[in-house]
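Working notes, structure below.
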Amino acid sequence: MPRTHINIEIDPNHNRSRLKDKNPLLKIYLVARRVRQKAFLIPPYSIKVKLEDFQKVEGKWIKGSDRNSKKLNHLLKELKIRLEEYILDNYSKNPSPKEVKEWYSKNVSPEGFFRSTESPLLSEYIKSFLKHYPKYQTKKDYQSISNKMEKYFPGLRIGEIDNQKMKDFLFDLKETEHLKATTLKAQFGKIQKIYSSWYLEKYPEDENGAKRPFRSLKFGIKEPTERNTLNEKQIEKLKNLELPIGSEKEYVRDVFLFLCYTSRYFKDLRALSFEKNVSYQNDHPERPIIKGFRGKTGIKFINIIINSHHLEVFNKYHPDRKGPLFSNPILSLVDPNFKFNEILSQLGRSIDLDFKLTGKVARYTFRNLYAKSLSPQMVALAMGHSRLNTQMEYNASNLDPYSQFTGLIEK
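With this note's numbering as the guide, the letters of the sequence shown map in order to residues 487 to 897.
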């Protein structure tokens, strides 16, 4: 049997105005011929593939630099292999273009997935998927959302799941079941996990393709999260509370104010020491710089102490600049006789707050009051955020960070 070469090309003369249609189609010309010969085994003919999964922006022609072109190239490569196998198997029959097109329509979905070999029924795949989940409740949740989708799309194959189907299904669930946005998002997260499991088995290098059907899904209006913070008057009121000198309440109050000026959590302080975490700008004892890693995430942070009260608290409990920061047993988790949060609650009631003082309140207070005049990079460093441009990392040895913290200086 002579070797056959299949050449697949996108029609460059395709009318681009059609891309503005709701479901634009992309013409793909297929040419089958023998190697090094001009004679066609079958005449050139075209098939049409939906372009909606490959368009980055509606109405714009796809380019090779677009992220979506990776899936399109994979589709064309797979299409070429399958058609080549078909033509080689039926070479002696000399199939006509009509027969090849009928074979394509029967075996390939509009999205370009091969039904028989690449895309099992969702009801079949879910059985093998659930074998990895021994818990009954987890299996029940996945099976439930799978059954709902099977009911909405009878005979659905998992490879046929696309963005439009997800939007239609989402709209139907909203209308019929009146689910909250958080519940809908959780339901669709399960569908995405099922689809991703199948997709990455077939195309392990195309992680973006596993997410594509679930992009731009709007589950509902997200209500803004209420964040409790202290304003300047409340900070002053807490700072001026008359408390017994040397008492536990005074200590907790001072530590909490220290947290408001640095955005730290309580547990971050317990891991810090002067020898490992404190340096000084130009060796000036009144310009300490605290460097460390957040206990929650392990991300680096840098705090600059220049606010007068901030420095006052620092000097009050660290006159000799040695040992651990805030080593008082109040902050020790092994001391069951003292409850730090209970004292914070008492202090909150003393200044007439309708919410509890916590580490999060301290972080949000820093963000709202003392970080407004700082650059985003310095705020990210102070709060220990992960989204930080590596080129903008600051080091006290080669940069004067005090110029970035003018907003913390009291007038």
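Ideal Cβ placement from N, Cα and C applies to all residues, glycine included.
Indicate the three-state DSSP secondary structure (helix, strand or coil) for residue i in the structure shown.
i: Y689; result: coil
i: S702; result: coil
i: S632; result: helix
i: P606; result: coil
i: R835; result: helix
i: L874; result: With a pLDDT of 45 at L874, under the threshold of 50, the modelled position of this residue cannot be trusted; read the value that follows with caution. Here L874 sits in coil by DSSP.
i: R849; result: helix
i: R739; result: helix
i: F841; result: coil
i: H770; result: coil
i: N732; result: It should be noted that the sequence gives Gly, not Asn, for residue 732. Note: G732 maps to coil in three-state DSSP.
i: L656; result: helix
i: C746; result: helix
i: V820; result: Because the pLDDT at V820 is just 47, under 50, the model does not fix this residue reliably, and the point stays unresolved.
i: A667; result: helix
Once you ignore the five residues that flank residue i on each side, which residues in its own chain have a CB closer than 8 Å to its CB?
i: F742; result: L724, L830, L833, L843 and A848
i: H804; result: F760 and L811
Do residue j and residue i count as a contact pair if the criterion is CB distance below 8 Å?
i: M652; j: F700; result: yes
i: L642; j: L659; result: no
i: E646; j: S605; result: yes
i: L608; j: Q629; result: no
i: N714; j: F800; result: no
i: K676; j: I721; result: no
i: L855; j: E718; result: yes
i: A696; j: L703; result: no
Going by DSSP, name the residue or residues bridged to residue i.
i: V799; result: Beta-bridge pairing links V799 to no other residue.
i: P810; result: S759
i: R643; result: L607
Return the chain-ordered list of same chain residues with a C-beta closer than 6 Å to the C-beta of residue i, the five sequence neighbours on each side being excluded.
i: M869; result: S749
i: L745; result: A848
Below 7 Å CB to CB, which residues in the same chain sit around residue i once its five sequence neighbours on both sides are set aside?
i: I644; result: S605, P606, L608, Y611, Y681 and W684
Exercise. Do the segment 840 to 858 and the segment 744 to 756 make contact, defined as three or more Cβ pairs closer than 8 Å?
Worked result: yes
(Q) Assess contact between the segment 721 to 729 and the segment 682 to 701, defined as three or more Cβ pairs (one per stretch) separated by less than 8 Å. Is contact present? (A) no
Does the segment 666 to 682 come within contact of the segment 800 to 809, defined as at least 3 CB pairs closer than 8 Å?
no
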